[in-house]
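> Letter by letter, the sequence shown follows residues 1 to 273 in full-length UniProt numbering.
Quick one: the structure is below, questions incoming.
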Amino acid sequence: MKSRTGSRRYTVIGLLLTAVMLFPVYWMLNVSLTPQQDMRKSPPDLLPLHPTFEGYRAVLNDQMPYLGTSLLIGVGTVVLTLLLAAPAGFALAKLKPYGGGFLGLVLLVAQMIPGIVMAMGFYGIFLDLGLLNSWWGLIIADSTIAVPFGVMIFTAFMSGIPGELIAAARIDGAGTFRTFRSVVLPVSRNALVTVSLFSFLWAWSDFVFANTLDGGGDWRPITLGIYHYIGNNNQEWNAIMATAVVASLPAAVLLVLAQRYVAAGVTAGAVKD
1 MKSRTGSRRY TVIGLLLTAV MLFPVYWMLN VSLTPQQDMR KSPPDLLPLH PTFEGYRAVL
61 NDQMPYLGTS LLIGVGTVVL TLLLAAPAGF ALAKLKPYGG GFLGLVLLVA QMIPGIVMAM
121 GFYGIFLDLG LLNSWWGLII ADSTIAVPFG VMIFTAFMSG IPGELIAAAR IDGAGTFRTF
181 RSVVLPVSRN ALVTVSLFSF LWAWSDFVFA NTLDGGGDWR PITLGIYHYI GNNNQEWNAI
241 MATAVVASLP AAVLLVLAQR YVAAGVTAGA VKD
């Protein structure tokens with residue numbers, strides 16, 4: 001009885017904490033359906049009593065180019081991150097290059113550099129190279145955050161791949177690249193999904209790099225598109241929240257679909273057999 005009572009208590013506490021954490025998401029949805037004239041109503045309505053879809057119509061009319069740009073940047077960041085991080089992780093995990101330990105430390109330190117510091121450095125470099133206000137410039141910038149994380153995930157995961165598997169491939173005549181492509185990558189599915197998901201989410205939600213490197217160009221992501229509705233005397237909060245809801249959907253869907261692989265990929269290498 002005590003065990004059952006304690007279990008129910010923890011369940012109730014868990015539900016309350018979940019409700020508190022999810023309330024901002026609900027309020028975002030509520031405001032997105034609230035008419036503009038009711039925005040400053042006091043007290044505000046806890047439910048959208050007179051829902052309107054004006055905000056979502058504004059998203060379809062104004063925000064689709066920004067959503068397309070974010071999708072392009074997100075996919076491009078994923079591709080570039082995988083192309084760089086997967087071979088680097090394999091090399092650190094299985095080829096044991098000279099200075100590999102120091103390189104791992106450098107990657108860890110790179111994760112601690114504030115994004116605004118990197119953005120300022122990128123601004124000077126991109127200004128000289130003519131990469132400002134370009135989607136490929138944002139892909140390069142976002143990849144600098146994703147690649148160190150990806151290398152660490154791949155290194156931890158690939159370290160757990162049995163050496164006998166790689167030795168068998170080499171006995172069959174496979175070279176290093178063929179072993180990596182045909183043996184290591186197929187068994188690293190969890191790490192691939194984990195790195196791809198986090199890379200996409202970082203690029204999708206980036207604001208610092210986008211605002212610094214592409215503040216006035218034609219290829220602005222959705223994080224800047226939301227600012228289209230904000231001005232000194234005009235704040236279309238239902239359109240802002242509707243855009244936030246639409247922009248949150250891809251991330252939510254990806255997290256739900258990939259949660260099993262992410263859990264396995266993140267914990268890979270944490271426990272040694």
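The beta-carbon is built from N, C-alpha and C at its ideal position, and this holds for glycine as well.
So does the segment 73-86 actually touch the segment 132-139, counting three or more Cβ pairs closer than 8 angstroms?
Judged by Cβ distances under 8 angstroms, the segment 73-86 makes contact with the segment 132-139, as three or more pairs qualify.
> Starting from Y229, trace the alpha helix (DSSP H) in both directions and tell me its first and last residue.
As a first step, residue 229 must be located in the sequence shown, where it is residue number 229. Run containing Y229: none; DSSP gives neither H nor E here.
> With a threshold of 8 angstroms, are at least 3 pairs of Cβ atoms found where one atom belongs to the segment 85-99 and the other to the segment 243-253?
The segment 85-99, when compared against the segment 243-253, does not touch it at the 8 angstroms Cβ threshold.
> Would you mind reading off the limits of the alpha helix (DSSP H) that contains T144?
Counted from its first residue, the sequence shown places residue 144 at position 144. Segment W135 to S159, the alpha helix (DSSP H) holding T144.
> What whole-angstrom Cβ distance do D142 and F209 have, given they're in contact under 8 angstroms?
Looking up residue 142 in the sequence shown gives position 142. Looking up residue 209 in the sequence shown gives position 209. Right, the Cβ-Cβ distance comes to about 6 angstroms (below 8 angstroms), so this counts as a contact.
> Helix, strand or coil, according to DSSP, for K41 in the structure here?
Here residue 41 refers to the residue found at position 41 of the sequence shown. Coil, per DSSP.
> Please determine, among V147, T144, A58 and G216, the residue with the shortest C-alpha to C-alpha distance to N133.
Working through the sequence shown from its first residue, we reach residue 133 at position 133. Out of V147, T144, A58 and G216, G216 has the C-alpha closest to the C-alpha of N133.
> Less than 6 angstroms between C-beta atoms, sequence neighbours within five positions excluded: which residues of the same chain meet that for G150?
On the sequence shown, residue 150 is found 150 positions in, with the first residue counted as 1. Excluding sequence neighbours, G150 sits near T81, A85 and V195.
> Taking all protein chains shown into account, do 16 or more other C-beta atoms lie within 10 angstroms of the C-beta of G124, making it buried, or fewer, making it exposed?
The residue you call residue 124 lines up with position 124 of the sequence shown. Answer is exposed; the Cβ neighbour count stays below 16.
> Look up K94 in the DSSP assignment and say whether it is helix, strand or coil.
As a position in the sequence shown, residue 94 is number 94, starting the count at 1. Helix at K94.
> Quick one: give me the first and last residue of the alpha helix (DSSP H) that A174 is part of.
Position 174 of the sequence shown, counting from 1, holds the residue named residue 174. Per DSSP, A174 belongs to no alpha helix (DSSP H) and is neither H nor E.
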